[in-house]
Structure formats: C-alpha cells, structure tokens
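In this note's numbering, the protein residues as written are 9 to 278. C-beta atoms are modelled at their ideal positions from N, C-alpha and C, and glycine is treated no differently.
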Amino acid sequence: MKRFIVVFALLAGLLMILAGCMSETKEATVSEANTQPEAVTKTVATAVPEGIPVLMYHKIGPDEDNDAVIREDLFRAQMKLLHDKGFNPITMEQLNEYVRHGTAVPVKPVVLTFDDGYADTYSIVYPVLKEYGFAATVYVNPGDVGTRLTWEQIKEMKDGGVTIASHGYDHVRMNELSNSDQLANIVKAQLALKEKLDIDNQWFCYPYGRENEYSQKAAADNGILLAVTMNPGWVHKGDNPYALHRIWIGNAVDLAHFEERITTEDYADL
Ligand SMILES: [Zn+2]
Numbered sequence: 009m010k011r012f013i014v015v016f017a018l019l020a021g022l023l024m025i026l027a028g029c030m031s032e033t034k035e036a037t038v039s040e041a042n043t044q045p046e047a048v049t050k051t052v053a054t055a056v057p058e059g060i061p062v063l064m065y066h067k068i069g070p071d072e073d074n075d076a077v078i079r080e081d082l083f084r085a086q087m088k089l090l091h092d093k094g095f096n097p098i099t100m101e102q103l104n105e106y107v108r109h110g111t112a113v114p115v116k117p118v119v120l121t122f123d124d125g126y127a128d129t130y131s132i133v134y135p136v137l138k139e140y141g142f143a144a145t146v147y148v149n150p151g152d153v154g155t156r157l158t159w160e161q162i163k164e165m166k167d168g169g170v171t172i173a174s175h176g177y178d179h180v181r182m183n184e185l186s187n188s189d190q191l192a193n194i195v196k197a198q199l200a201l202k203e204k205l206d207i208d209n210q211w212f213c214y215p216y217g218r219e220n221e222y223s224q225k226a227a228a229d230n231g232i233l234l235a236v237t238m239n240p241g242w243v244h245k246g247d248n249p250y251a252l253h254r255i256w257i258g259n260a261v262d263l264a265h266f267e268e269r270i271t272t273e274d275y276a277d278l
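This is the structure we're talking about:
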C-alpha cells in the first residue's frame with residue numbers, strides 16, 4: 009500500500025510537471041503567433057478542382073535563348089508569387105489520388121516538377137523549396153548522376169522532403185527504342201533508385217516527353233503510377249495516368265503569364 013502511494017505521488021508529480029511544460033509551450037506558441045503569424049502551420053481547405061497545373065522546369069541559370077532554362081530571379085519571383093497568392097504545391101501522391109479517384113486536394117493546387125537533375129536543382133531550387141515549405145518532384149537519370157548532381161545531394165533533397173523520381177536510366181527518346189530497350193531503361197532506373205536511395209519509385213517522366221503505347225505499359229508494369237509528358241495543358245481527374253500534360257515555364261513566362269498559367273487552363277501560347 010505504501011509503495012502504491014509513493015508511486016501514485018510520483019506519477020502525480022510527473023503529471024503536474026508535464027502540465028506545466030504544456031501550458032508554457034502553449035503560451036510560447038500564442039506569443040509566437042502574435043509576432044510571426046506565418047510561422048504557425050495553417051490548415052488548408054481542400055476541394056476537387058476542375059484541373060491541376062503541373063509546372064515543368066529544367067535548368068535555372070543565365071543561359072539565354074534556351075527554352076529549357078529560366079533566369080534565377082524570375083524563378084524566385086514565380087515561387088514568391090505562389091507563396092504570396094496562397095497557391096499550394098502538392099505531392100505526386102496527392103496528384104495520383106486526384107487523377108485516379110477524384111480525391112480532394114488543397115485549394116489553389118499546383119505541382120512543381122524539375123527535370124534532368126541539374127546542379128542548380130540542389131544549389132538554387134532546393135533552398136527555395138525549403139524556405140516556402142513547397143512540395144516538388146525532381147526527375148533524375150541515374151545514368152547521368154555524378155555529371156550534374158551527386159547521389160549525396162539527391163539523397164539530401166530526398167531526406168529533406170523532395171520527391172525523387174525517374175527520368176529513365178539514360179536521357180533517351182523512349183519511342184525510338186525497341187521495346188526491350190525501353191523496358192531496360194525503366195527497370196535499370198527503378199533498380200538504381202532502390203539501391204542508391206532505397207526508393208520504391210512510382211513516378212516517371214519521359215525524356216523529351218517522347219513515349220508510345222509500349223512505354224506506358226512498361227511503366228505501369230514496373231511500379232509506376234503516374235508518368236508525365238511535355239504536352240501542354242492541365243491535368244484532370246480521369247486523365248490517362250501515363251500521359252499527363254505539363255505546363256512549360258521558361259524566360260518568356262513573366263509573372264503575369266505565370267499567374268495566368270496557374271489560374272486558367274485557357275492560357276496564352278508563348
Ligand atoms: Zn529531360
């Protein structure tokens with residue numbers, strides 16, 4: 009009985025200490041909320057949209073007259089616009105549920121994708137994604153890793169919440185390959201992502217956006233749930249998950265055109 013009382017007293021004491029800690033934590037959160045409202049995680053409303061814009065980026069840098077490159081200042085301004093205007097970058101998992109089942113996603117959804125695994129995806133893009141807490145997907149060619157990004161950098165991004173996905177083992181036009189070579193390009197990439205990053209990869213991006221009926225089947229047969237092309241337009245529930253459209257973003261997409269592209273599917277050709 010005595011032992012029971014001692015244990016009870018100890019427990020009660022512990023509870024009081026815990027309660028004290030909790031009330032302090034609560035006060036700290038409130039005062040933090042008063043001074044830094046954006047630091048507090050907000051609850052985002054969800055809805056089933058008519059469509060979702062999937063944005064396609066490649067390299068961030070100064071190269072001019074290259075449709076696959078965008079200036080760093082413009083890229084940063086676009087990400088700031090997403091943040092300031094309340095857009096919500098969503099994950100591939102969320103996009104997959106929406107496409108296949110019409111599942112609700114956060115309002116003002118957008119999907120950020122970065123192809124080819126350029127060095128700037130780590131040095132420029134990744135810090136910006138972290139700053140805003142944006143979800144994004146990076147499609148890499150395992151056969152090219154080491155020439156641009158390293159596996160260490162890719163792993164760091166993966167551990168930091170970026171979705172790392174397949175762009176095929178080599179950067180080749182799938183529709184120009186034999187069926188067995190297409191299959192090998194997909195399977196080798198899956199194995200490399202598993203071996204190097206312990207990823208059971210479910211997302212694919214056709215190099216140059218080039219694919220055919222067999223590419224789609226080979227992707228589906230090897231664990232891929234969604235595959236993206238370079239065909240322009242938004243993604244809708246019920247679309248073919250193995251031929252999703254994306255929106256090109258480059259230097260011609262100034263902030264007004266950028267906002268148009270993520271607000272209406274009927275956006276201007278540039
Ligand atoms: Zn590519």
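| request: Classify Thr129 as helix, strand or coil using the three-state DSSP reduction. | output: Taking the first residue of the sequence shown as 1, we reach residue 129 at position 121. Residue state, collapsed to three classes: helix.
| Ala264 (DSSP reduced to helix, strand or coil) | If you number the sequence shown from 1, residue 264 lands on position 256. If DSSP states are grouped into helix, strand and coil, Ala264 belongs with the helices.
| said: Any contact between the stretch 150–159 and the stretch 90–109? By contact I mean 3 or more CB pairs, one from each, below 8 angstroms. | reply: no
| How do the stretch 78–86 and the stretch 261–271 stand: do at least 3 beta-carbon pairs fall below 8 angstroms, yes or no? | yes
| request: Tell whether a beta-carbon distance below 8 angstroms holds between Tyr177 and Lys196. | output: As a position in the sequence shown, residue 177 is number 169, starting the count at 1. As a position in the sequence shown, residue 196 is number 188, starting the count at 1. Their beta carbons are under 8 angstroms apart, which means Tyr177 touches Lys196 by this criterion.
| What residues in its chain sit with their C-beta under 6 angstroms from that of Lys166, if we drop five residues either side in the sequence? | By 1-based counting over the sequence shown, the position of residue 166 is 158. The answer, listed in chain order, is Ile172 and Leu205.
| query | Would you call the stretch 232–239 and the stretch 50–59 in contact, with 3 or more CB pairs under 8 angstroms? | reply | Counting Cβ pairs under 8 angstroms, fewer than three are found: no touch.
| query | Any chance the stretch 108–117 sits against the stretch 129–144, with 3 or more Cβ pairs inside 8 angstroms? | reply | no
| request: Give me the Cβ distance between Phe142 and Leu120, rounded to the nearest whole Å; I'm assuming they're in contact under 8 angstroms. | output: Taking the first residue of the sequence shown as position 1, residue 142 is located at position 134. Taking the first residue of the sequence shown as position 1, residue 120 is located at position 112. With a Cβ gap of about 6 angstroms, Phe142 and Leu120 count as contacting.
| Mind checking Leu233: buried by the 16 CB within 10 Å criterion, or exposed? | Residue numbering aside, residue 233 sits at position 225 when the sequence shown is read from its first letter. Buried is the call here.
| Per DSSP, Phe212 forms a beta bridge with which residues? | The sequence position of residue 212 within the sequence shown is 204, counting from 1. According to DSSP, Phe212 bridges with Ser174 and Ala235.
| field | Helix, strand or coil at Trp256 [DSSP, three-state] | value | Start at 1 with the first residue of the sequence shown, and residue 256 comes out as number 248. Three-state result, Trp256: strand.
| Residue span of the beta strand (DSSP E) that contains Phe122, given as start and end | The sequence position of residue 122 within the sequence shown is 114, counting from 1. For Phe122, the enclosing beta strand (DSSP E) stretches over residues Pro117 to Asp123.
| When the Cα of Ala112 is compared with those of Thr99, Asp124 and Ala76, which residue comes out closest? | Taking the first residue of the sequence shown as 1, we reach residue 112 at position 104. Measuring C-alpha to C-alpha distances from Ala112 to each of Thr99, Asp124 and Ala76 identifies Thr99 as the nearest.
| task | Output the boundary residues of the alpha helix (DSSP H) element that contains Met87. | result | Here residue 87 corresponds to residue number 79 of the sequence shown, with the count starting at 1. Unbroken alpha helix (DSSP H) run through Met87: Glu80 to Asp92.
| So is the beta-carbon of His179 under 7 angstroms away from any non-hydrogen atom of ligand 1? | Residue numbering aside, residue 179 sits at position 171 when the sequence shown is read from its first letter. Checking the Cβ of His179 against ligand 1 gives yes.
| task | Leaving out five residues on either side along the sequence, give the residues of the same chain with a beta carbon under 7 angstroms from the beta carbon of Pro117. | result | Counting from one through the sequence shown, the residue named residue 117 turns up at place 109. Hits under 7 angstroms: Pro57, Ile60, Asn96 and Ile98.
| Considering Leu63, what are the terminal residues of the beta strand (DSSP E) in which it resides? | Counting from one through the sequence shown, the residue named residue 63 turns up at place 55. In the DSSP assignment, Leu63 falls within the unbroken beta strand (DSSP E) covering Val62 to Tyr65.
| When the distance is taken between beta carbons, is Met64 closer than 8 angstroms to Ile255? | As a working mapping, residue 255 is identified with position 247 in the sequence shown. As a working mapping, residue 64 is identified with position 56 in the sequence shown. Against a cut-off of 8 angstroms, the Cβ pair of Met64 and Ile255 comes out as a contact.
| What residue from Gln190, Glu184, Gly69 and Tyr130 has the CA that sits closest to Gly168's CA? | For the purposes of this step, residue 168 is taken as residue 160 along the sequence shown, with counting starting at 1. Ranking Gln190, Glu184, Gly69 and Tyr130 by Cα distance to Gly168 puts Tyr130 first.
| Val113 bridges to which residues according to DSSP? | Sequence index remark: in the sequence shown, residue 113 carries index 105 (1-based). Its beta-bridge partners are Ala55.
| message | I'd like the list of long-range same chain contacts for Val115, defined as Cβ closer than 6 angstroms, with 5 residues on each side in sequence excluded. | response | Taking the sequence shown and counting its residues from 1, one reaches residue 115 at position 107. The answer, listed in chain order, is Ala53 and Ala55.
| Closer than 8 angstroms to chain D by CB, Leu103 | Reference to chain D is not applicable here, since this structure consists of a single protein chain.
| query | Which residues does DSSP pair with Thr145 in a beta bridge? | reply | Stepping through the sequence shown from its first residue, residue 145 is reached at position 137. In the DSSP assignment, Thr145 is bridged to Thr121 and Thr171.
| Nonlocal neighbours in the same chain, by C-beta distance under 7 angstroms from Ile13, ignoring five residues either side | Locating residue 13 in the sequence shown gives position 5, counting from the first residue. Residue placement at Ile13 is flagged as unreliable, the pLDDT there being 48, under the threshold of 50; a coordinate-derived value is accordingly withheld.
| request: Could you check what DSSP says for Pro97 in three-state terms: helix, strand or coil? | output: Residue mapping note: residue 97 aligns to position 89 of the sequence shown, counting from 1. Three-state DSSP puts Pro97 in a strand.
| request: Compute the beta-carbon to beta-carbon distance between Ile78 and Gly258, rounded to the nearest angstrom, for a pair I have assumed lies under 8 angstroms. | output: Position 70 of the sequence shown, counted from the first residue, corresponds to residue 78. Position 250 of the sequence shown, counted from the first residue, corresponds to residue 258. With 8 angstroms as the limit, Ile78 and Gly258 qualify as a contact, their Cβ atoms being about 5 angstroms apart.
| said: I'd like to confirm something about His175: is its beta-carbon nearer than 7 angstroms to some heavy atom of ligand 1, or not? | reply: Taking the first residue of the sequence shown as 1, we reach residue 175 at position 167. Distances from the CB of His175 to the heavy atoms of ligand 1 include at least one below 7 angstroms.
| task | State the start and end residues of the unbroken alpha helix (DSSP H) segment that holds Leu201. | result | In the sequence shown, counting from the first residue as 1, residue 201 sits at position 193. That run of the alpha helix (DSSP H) goes Asn187 to Leu205.
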